[in-house]
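K.L.:
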């Protein structure tokens with residue numbers, strides 16, 4: 004896995020190996036960031052199911068101000084910490100090691116809000132739908148903020164009153180859906 008653009012372009016991201024997870028393919032990541040690169044500069048980002056930290060690192064490479072990286076797997080957290088250290092991104096990164104529901108609750112209690120939230124949970128779960136509902140309930144997405152979902156089924160990202168789909172694209176057996184807060 005490589006950083007595809009920005010200040011860290013071409014550098015290798017250490018992977019995290021778990022049979023229940025799969026990293027976002029570089030071609031999907033490249034297409035995804037091409038869709039949002041104009042708005043990423045100086046943004047605040049949450050990568051809720053971070054794995055290796057690839058999406059948050061890409062956002063930071065392209066000019067995001069700060070990224071919150073969360074995963075509930077301790078091995079994933081070790082990989083994230085190594086990647087953040089290897090890229091000297093400690094001052095722009097906040098690493099959290101909780102279940103996604105607890106992370107969202109902690110962020111709500113801290114009064115955090117985000118310009119971009121990446122949701123790429125394990126496909127065999129309902130986490131994406133649960134996370135979307137909590138993000139809206141806790142008001143964690145800024146006005147005109149984007150929630151980027153990677154999923155194997157569009158049913159998991161059904162419509163929401165305060166979100167509109169601004170982009171949707173299929174890559175093999177997965178979909179990228181970008182919601183905007185309205």
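Residue numbers (this note's numbering): 4 to 185. We treat Cβ as the ideally placed atom computed from N, Cα and C, and that holds for glycine.
Rounded to a whole number of angstroms, what is the C-alpha to C-alpha distance between residue 168 and residue 95?
P.N.:
So the alpha carbons of these two residues sit roughly 29 Å apart.
K.L.:
Is the beta carbon of residue 179 less than 8 Å from the beta carbon of residue 153?
P.N.:
Their beta carbons are under 8 Å apart, which means residue 179 touches residue 153 by this criterion.
K.L.:
Determine the DSSP secondary structure at residue 87, reduced to helix, strand or coil.
P.N.:
Residue 87: helix per DSSP, three-state reduction.
K.L.:
My output table needs one value for residue 98: the three-state DSSP class, helix, strand or coil.
P.N.:
Residue 98: strand per DSSP, three-state reduction.
K.L.:
Note the first and the last residue of the continuous beta strand (DSSP E) segment covering residue 122.
P.N.:
Looking at the DSSP string, the run of the beta strand (DSSP E) that includes residue 122 is 117-122.
K.L.:
Closer than 8 Å by C-beta to residue 155: which residues in its own chain qualify, once you throw out the five before and the five after it? Chain order, please.
P.N.:
Cβ within range, chain order: 126, 176, 177, 178.
K.L.:
So residue 118 packs on residue 145, CB below 8 Å; how close in whole Å?
P.N.:
Residue 118 to residue 145, Cβ: 5 Å. Contact.
K.L.:
For residue 10, which residues from the same chain have a beta carbon less than 7 Å from its beta carbon, with the 5 sequence-adjacent residues on both sides left out?
P.N.:
For residue 10, where only same-chain residues beyond five positions count, the Cβ hits under 7 Å are 64.
K.L.:
Please classify residue 114: is it buried, with 16 or more other beta-carbons within 10 angstroms of its beta-carbon, or exposed?
P.N.:
Residue 114 should be labelled exposed.
K.L.:
Would you say residue 66 and residue 44 are within 8 Å of each other, going by their C-beta atoms?
P.N.:
In this structure, residue 44 lies closer than 8 Å to residue 66 by Cβ.
K.L.:
How big is the Cα-Cα spacing for residue 33 and residue 54?
P.N.:
Looking at the two C-alpha atoms, the distance is approximately 18 Å.
K.L.:
Residue 122 and residue 151 - do their beta-carbons sit closer together than 8 Å?
P.N.:
Taking 8 Å as the Cβ cut-off, residue 151 and residue 122 qualify as a contacting pair.
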